Structures are given as C-alpha cells and as structure tokens.
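Below is one structure, written out as structure tokens; comments come after it.
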Amino acid sequence: MIERRHAGRKRIGQPVAISIEGREVPAQLEDLSDHGALFRVDARGAVSSDDLGMEGVFTLTTFTPARHYTGEIIRLFFRDEAAFFALRFWKGYTEVR
C-alpha cells in the first residue's frame, strides 16, 4: 500500500466523464499514477459515501491511442465545496483504437 501512495503521480487537470456503476459523473482528473487516480467533482451530490467500493471506468483521449481505465473507488473526501475521490486500478490501462 505504501508503494502505491508514493508512486509517481502526474498532474493531469483534465475534465473526464467517469462511469460509476453505469452512472455518468462529470469530473476533473486531478492526478494519475500507475496504481490509481484522483478526481474532483464540483456537482453537489454527484458522489457520496455510497459509491465507496463501486467500480469506476473512464477513458483518457489525450493519449494516442486512448487509454481505458477501470478500478474501485477507495476514498472520498470533501474540501472547498468540492468532492474528491480516489480510484484504485485493478489492472493496467487498455488501449482503445
């Protein structure tokens, strides 16, 4: 777990749509590593503690080819009127052509 926390993170700052158990949630991808991602959600009530443990799926189109990520929502916290949640990847990304 400690290795994952200190894994090299890249600041992304890109808007994405993440699918949480089939529900589309507009979010800002704050940072990304090989093990997970941190998202910011400004829409009130879009995510809650009920989403912990659920599957999240998103695609980054800024890479060529695009990258498709799947993982589990493992953390949720609130700061400055925004919700932040962490997604831990189950496996590496898959390329979308």
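Each residue of the sequence shown is one higher than the one before, counting from 75 in this note's numbering. Idealized CB from N, CA, C, for every residue including glycine. For clarity, every value in this text was computed on a predicted model and none was experimentally measured.
Query - Residues that DSSP places opposite Ser107 in a beta bridge - result: Numbered from 1 along the sequence shown, position 33 holds the residue referred to as residue 107. DSSP, once it has assigned bridges, lists no residue as partnering Ser107.
**Report entry** Residues near Glu95 by beta carbon distance below 7 Å, same chain, minus five either side
**Finding:** Here residue 95 refers to the residue found at position 21 of the sequence shown. Result list for Glu95: Met128, Glu129, in chain order.
**Report entry** DSSP state of Ser93 mapped onto helix, strand, coil
**Finding:** Indexing the sequence shown from 1 puts residue 93 at position 19. Ser93: strand per DSSP, three-state reduction.
Query raised in the report: In its own chain, which residues sit with a C-beta less than 6 Å from the C-beta of Val121, not counting the 5 before and 5 after it?
Result: Sequence index remark: in the sequence shown, residue 121 carries index 47 (1-based). Excluding positions up to five away in sequence, the list reads Val115, Ala157, Phe159.
Query raised in the report: Skipping 5 residues on each side, what residues in its chain have a beta carbon closer than 8 Å to that of Ala91?
Result: Position 17 of the sequence shown, counting from 1, holds the residue named residue 91. If we look at Ala91 and ignore the five residues flanking it on each side, its Cβ neighbours are Glu98, Val99, Pro100, Ala101, Phe132.
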